[in-house]
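A.B. asks: Here it is, the structure, as structure tokens.
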Amino acid sequence: MRAAILRDYGEPLAVRELPDPEPASDGAVVRVDACGVCRSDWHAWSGHGEWADDRVPRGQVLGHEPAGEVVAVGDEVDRFRPGDRVVVPFSLGDGTCPHCRRGAGNVCEDGRALGFEAAAPGAFAERVAVPAADYNLVERPEWLGATAAAALGCRYMTAYHALAERTTVGGGDAVVVHGCGGVGLSAIQIAAALGARVIAVDVDDDALSLASDLGADETVNPTAADADATAEEGGTAGAVPERVRDLTDGGADVSLDALGIAETCRNSVRSLRPRGTHVQVGLTTDAERGEVSLPTDWMTRWEISFLGSRGMPPTSYPDLFALIEATGIDPGGLVARELSLSEVSDRLAAMDEYDVRGVEVVTEL
Ligand SMILES: [Zn+2]
Ligand SMILES: [Zn+2]
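In structure tokens form, the structure reads like this:
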């Protein structure tokens with residue numbers, strides 16, 4: 093099969109022939125019909141994570157947002173057969189530990205991150221092996237095509253888990269999303285579907301215009317002239333939190349850092365009302381190396397909650413599908429571009445310059 097391999101950090105991926113994977117006795121092999129390209133791939137490709145001993149190894153097949161069809165299963169697999177249409181979550185649980193049994197497979201201590209470690213080769217490939225298939229594979233409803241499902245397999249479900257499961261956004265809540273890349277735009281669409289009033293923050297006007305199309309009620313560009321003026325008047329808290337306070341009559345109920353740089357993380361925390369909830373979704377870059385300093389005295393004074401959120405347990409998919417069906421939102425609406433496998437390197441490089449809008453999906457494997 094053809095697969096795109098990380099030869100070295102920051103270098104173009106090598107598209108090569110590899111042997112077809114065989115299913116483990118509890119696993120399955122899925123023919124990849126579509127696989128999204130994500131900022132997490134960019135982090136891996138850039139060699140980030142060294143500070144946490146979490147660097148993706150050279151030789152890794154990247155790609156963690158696949159949707160496709162089962163082509164083979166191991167003899168212990170009960171729930172799936174060749175021909176089943178599926179989506180594969182990137183955070184793979186072992187299915188047996190206390191976390192998995194409690195419905196939190198995304199924090200399985202023995203879990204694997206698809207496309208990020210040698211034991212879990214990724215899905216920028218014609219086929220991908222999935223361990224513990226009965227637990228991890230998700231049946232794809234008739235109405236969900238492979239391309240939309242790939243758009244949903246990482247960022248969309250991450251946004252859903254952050255907003256609906258880590259915290260519970262409801263009707264009338266003011267939600268701010270800092271960073272309008274794939275996960276940020278997904279969060280905007282989902283927050284709007286949950287009945288929230290949504291404010292989108294980004295330095296890029298094109299990203300903000302996409303955010304408005306997907307349901308943002310207000311947009312804030314921190315580089316705009318009026319924001320600078322507010323910063324001068326607003327003192328140390330900064331332009332973005334001041335602007336959000338103005339728009340929300342005192343601060344947001346929930347604020348999400350969908351990017352993961354120090355500025356967006358602090359702005360997000362500072363955007364909250366007393367007892368508001370910050371959810372951290374974005375991972376940091378070389379500049380932060382996994383740590384961001386925060387206004388802890390202020391957070392204590394106003395009883396701010398700070399939550400981490402990663403992916404979504406595979407067991408939560410039925411709830412996400414139910415929300416999509418009930419509200420008619422379209423994850424496919426986030427797909428801005430379809431790619432071939434050989435184009436992935438260029439699109440990863442484009443992320444260096446934040447030059448990617450919406451979600452891009454490899455559909456030609
Ligand atoms: Zn992803
Ligand atoms: Zn587990």
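In my numbering, the protein residues as written are 93 to 457. Where is the CB? At the ideal position from N, CA and C, for every residue including glycine.
1. Looking at C-alpha atoms only, which residue of 135, 123, 431 and 187 is the closest neighbour of residue 160?
2. Which residues does DSSP list as the beta-bridge partners of residue 348?
3. So is residue 293 in contact with chain C if we call contact Cβ pairs under 9 Å?
4. At which residues does the alpha helix (DSSP H) containing residue 357 begin and terminate?
5. Can you list the residues near ligand 2, meaning Cβ strictly closer than 7 Å to any non-hydrogen atom, in the order they appear in the chain?
6. DSSP three-state call for residue 327: helix, strand or coil?
7. I'd like to know whether the C-beta atoms of residue 75 and residue 227 end up nearer to each other than 9 Å.
8. What residue range is occupied by the uninterrupted alpha helix (DSSP H) comprising residue 497?
9. What is the chain-ordered set of residues for which the beta carbon lies under 5 Å from any non-hydrogen atom of ligand 1?
10. Looking at the structure shown, is residue 190 part of a helix, part of a strand, or coil, going by DSSP?
11. Can you confirm whether the segment 292-311 touches the segment 365-373 when touching is taken to mean that 3 or more C-beta pairs between the two stretches lie within less than 8 Å?
12. Could you name the residues of the same chain whose beta carbon sits closer than 8 Å to that of residue 415, not counting the 5 residues immediately before and after it, in chain order?
13. Between the segment 234-242 and the segment 141-156, do three or more beta carbon pairs fall short of 8 Å?
14. Could I get the ranges of all uninterrupted beta strand (DSSP E) runs contained in the segment 135-175, with 3 residues as the minimum, in chain order?
15. For residue 360, which residues of its own chain have a beta-carbon under 6 Å away from its beta-carbon, when the five flanking residues on both sides are left out?
16. Helix, strand or coil for residue 264? Go by DSSP, reduced to three states.
17. Pull up the distance between the alpha-carbon of residue 51 and that of residue 409, whole angstroms please.
18. If you follow the beta strand (DSSP E) that residue 454 is in, where does it begin and where does it stop?
19. Where do the ends of the alpha helix (DSSP H) carrying residue 416 lie?
20. Is the segment 418-436 in contact with the segment 199-215, if contact means three or more CB pairs nearer than 8 Å?
C.D. replies: To lay it out plainly:
1. 123
2. 269 and 371
3. As a matter of chain content, chain C is missing from the structure shown, which is built from one protein chain.
4. 354-362
5. 185, 186, 187, 188, 189, 191, 192, 197, 200, 201, 202 and 203
6. With a pLDDT of 41 at residue 327, under the threshold of 50, the modelled position of this residue cannot be trusted, and the question is left open.
7. A question about residue 75 goes unanswered here, because the residues of the chain that appear run from 93 up to 457.
8. Since the first and last residues shown for the chain are 93 and 457, residue 497 lies out of range.
9. 130, 132 and 246
10. helix
11. no
12. 252, 256, 282, 285, 286 and 421
13. no
14. 158-165
15. 270, 347, 349 and 370
16. coil
17. Residue 51 lies beyond the range of the chain shown here (93 to 457); nothing can be said about it.
18. 451-456
19. 409-419
20. no
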